[in-house]
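What follows is one structure encoded as structure tokens, with my remarks underneath.
Residue numbers (my numbering): 461 to 529.
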């Protein structure tokens with residue numbers, strides 16, 4: 461008689477950066493959205509401050525003449 465044993469693939473929860481990169485959990489996605497919004501706000505504020513400093517002192521600001529972002 462032929463008997464087949466059931467094999468179970470272990471579907472463990474990923475850890476580290478894979479947990480965040482491949483997540484479909486709404487709580488993780490919300491956290492990633494919040495972190496991205498904060499980082500984007502910090503970068504935008506930094507560039508805004510750099511542009512305002514450059515406009516305060518035209519010609520001798522912190523950005524060189526041939527500096528492209």
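Note that beta-carbon positions come from the ideal geometry of N, C-alpha and C, so glycine has one too.
Item                                                                                                                                                                            : Value
Check residue 476 in the structure and name its three-state DSSP category.                                                                                                      : coil
Hey, how far is the Cα of residue 463 from the Cα of residue 488?                                                                                                               : 43 Å
If we ignore side chains and look at the alpha-carbon of each, how far apart do residue 485 and residue 514 end up?                                                             : 44 Å
Within the same chain, show all residues whose beta-carbon is closer than 7 Å to that of residue 480, passing over the 5 residues directly before and after it, in chain order. : 488, 492
May I ask you to report which of helix, strand or coil DSSP gives residue 482?                                                                                                  : coil
In angstroms with no decimal places, state the Cα-to-Cα distance between residue 499 and residue 475.                                                                           : 23 Å
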